[in-house]
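Colleague:
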Amino acid sequence: MSVFTVAIHGVSPDPEVYGGLDAATAYIGAMFGPAAAKWLALSPSDQGRTIRGATLYLERQPWEGKRTGLAGGTPTTLAWPRAGITLGDGTPLDAATVPVDIAHATFELAVLIAGDPALPSKVDQGSNLKLVGGAGVPTVEFFAPTSASAGTAPRLPFVVQQLVGKYLATVAASVEGGFGQAGSACSAFSRHRQFTLIHGEE
């Protein structure tokens, strides 16, 4: 995979991205639903902005391996390609090319950004509330914080996590403002959950 850039009105030089606009248009054009349709209706410049935003979003993630600085022999400013990564089946990842999963994750993120431009500023895909019950059954709502930095929530939107999760560094290997550990984590606070009983509609 070569180095790709997108043309954005008023921006020079053209910023580097994963996958490129043509591949993004083909990928998203095969998707069904209003989210994909919204992205396809954007101007080429705005499409490029979402792809650039998606690329930068991925650039902030802690990846396994080491950045090579070359894509197909061409210098690149991006985090991929990377050397020193071995897949789950023991196969070493090609250190000269960007995995297609990274490009596809970029396109999926571009669609999400088109629907929610604030997405790149959301640094944690965790949540605080959990609901149990519903549909006529009394609903219990309780506070049980989850956080990517604690290893109890995904770092990325689910569809993106499915594509690139295998390349992410473990929580223990990353620095996100202090404490980290591998596997699931549970704070002392979560052991003192506050329960609120909410009765379902009659």
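Residue numbers (the numbering used here): 3 to 204. We put the beta carbon where it would ideally sit given N, CA and C, even for glycine.
1. Just to confirm, are leucine 60 and threonine 93 a CB contact at a threshold of 9 Å?
2. Assign threonine 52 to one of two classes, buried (16 or more other C-beta atoms within 10 Å of its C-beta) or exposed (fewer than that).
3. Measuring only between beta-carbons, confirm whether proline 83 sits less than 9 Å from chain C.
4. For serine 106, count the other beta carbons within 10 Å of its own beta carbon; 16 or more makes it buried, fewer makes it exposed. Which is it?
5. How far does the alpha helix (DSSP H) with tryptophan 41 in it reach, from first residue to last?
6. Kindly indicate which three-state DSSP category valine 19 falls into: helix, strand or coil?
7. From threonine 25 to leucine 170, what does the alpha carbon distance come to, in whole angstroms?
8. State the beta-bridge partners of histidine 94 as determined by DSSP.
9. Could you give the first and the last residue of the continuous alpha helix (DSSP H) run that contains valine 113?
10. Can you grab the Cα-Cα spacing for the pair tyrosine 20 / valine 13, in whole Å?
11. Near leucine 114, which residues of its chain fall below 7 Å by C-beta distance, leaving aside the five closest residues on each side in sequence?
12. Consult DSSP for valine 134 and reduce its assignment to one of helix, strand or coil.
13. Let me know the secondary structure DSSP gives threonine 7 once reduced to three states.
14. Which same chain residues, not among the five before or five after lysine 68, have their C-beta less than 8 Å away from its C-beta?
Modeller: According to the data block:
1. no
2. buried
3. In the displayed structure, chain C is absent; only one protein chain is listed.
4. Reading the sequence as shown, one finds histidine at residue 106 and not serine. Answer is buried; the Cβ neighbour count reaches 16.
5. 36-42
6. strand
7. This sequence places alanine at residue 25; threonine is not what is there. Each residue's alpha carbon lies about 24 Å from the other.
8. In the sequence as presented, histidine is not what sits at residue 94; that position holds proline. BP columns for proline 94 point to Thr88.
9. Looking at the DSSP string, the run of the alpha helix (DSSP H) that includes valine 113 is 102-117.
10. 17 Å
11. Leu121 and Pro159
12. Unreliable placement is indicated for valine 134, whose pLDDT of 49 sits below 50; the coordinate value is still reported in the next sentence. Correct three-state label for valine 134: strand.
13. strand
14. Arg84, Ala85 and Gly86
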